[in-house]
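Here's the structure, in structure tokens; my notes come after.
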Amino acid sequence: MGRRKVICPRGAVSISWSEQVKSSGIPITRVQFAAADCCPCPLRPACTRASEKGRYGRSLTLLPREQQEILGQRRQEQQTEE
Ligand code: SF4
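Mind the numbering: the sequence shown is residues 1 to 82 in this note's numbering, read in order.
Structure, rendered in structure tokens:
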């Protein structure tokens with residue numbers, strides 16, 4: 001598990017991957033990129049509000065597959081006329 005990684009559109013490789021459980025009981029995965037990658041990145045204003053001070057830049061929360069798919073569908077619906 002500890003070796004799982006995410007590569008962002010700029011090619012940065014995540015430096016942290018941790019399995020957590022929300023207070024609601026839903027298991028999530030927290031993925032973080034290095035501030036050293038995100039701070040100089042030209043996409044940063046559109047990508048993350050992470051502070052320049054910490055060790056981490058962009059973070060991602062991954063939900064279990066089922067919830068992730070539902071969330072993806074809802075986000076798509078929000079971009080349609082209806
Ligand atoms: S801000 Fe960080 S995560 Fe976002 S595109 Fe740039 S390097 Fe990748």
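Glycine residues also receive a C-beta, built at the ideal position from the N, C-alpha and C atoms. As the structure is a prediction and not an experimental result, all values here were calculated from the model.
Beta-carbon contacts of residue i that lie in its chain and below 7 angstroms, excluding the five residues immediately before and after
| i | result |
| --- | --- |
| R30 | S18, Q20, S59 and T61 |
Distance CB(residue i)-CB(residue j) smaller than 7 angstroms
| i | j | result |
| --- | --- | --- |
| Q32 | Y56 | yes |
| L63 | I28 | yes |
| S14 | K5 | yes |
| S39 | T48 | A small fix is needed here, since residue 39 is Cys in this sequence, not Ser. For C39 and T48, no; Cβs fall outside 7 angstroms. |
| L43 | R65 | no |
| A35 | G54 | yes |
Bounding residues of the beta strand (DSSP E) (the contiguous stretch that carries residue i)
| i | result |
| --- | --- |
| G57 | Y56 to L62 |
Unbroken alpha helix (DSSP H) run spanning residue i, endpoints
| i | result |
| --- | --- |
| G72 | R65 to E77 |
Sequence-distant residues of the same chain with beta carbon closer than 8 angstroms to residue i, five excluded per side
| i | result |
| --- | --- |
| A50 | A35, C38, Y56, G57, R58 and S59 |
Cut-off 6 angstroms between Cβ atoms - residues of its own chain near residue i, not counting five sequence neighbours on either side
| i | result |
| --- | --- |
| A12 | F33 and D37 |
message: Ignoring anything shorter than 4 residues, give me the alpha helix (DSSP H) runs that lie fully in the region 20 to 47, in order along the chain.
response: 35 to 38 and 44 to 47
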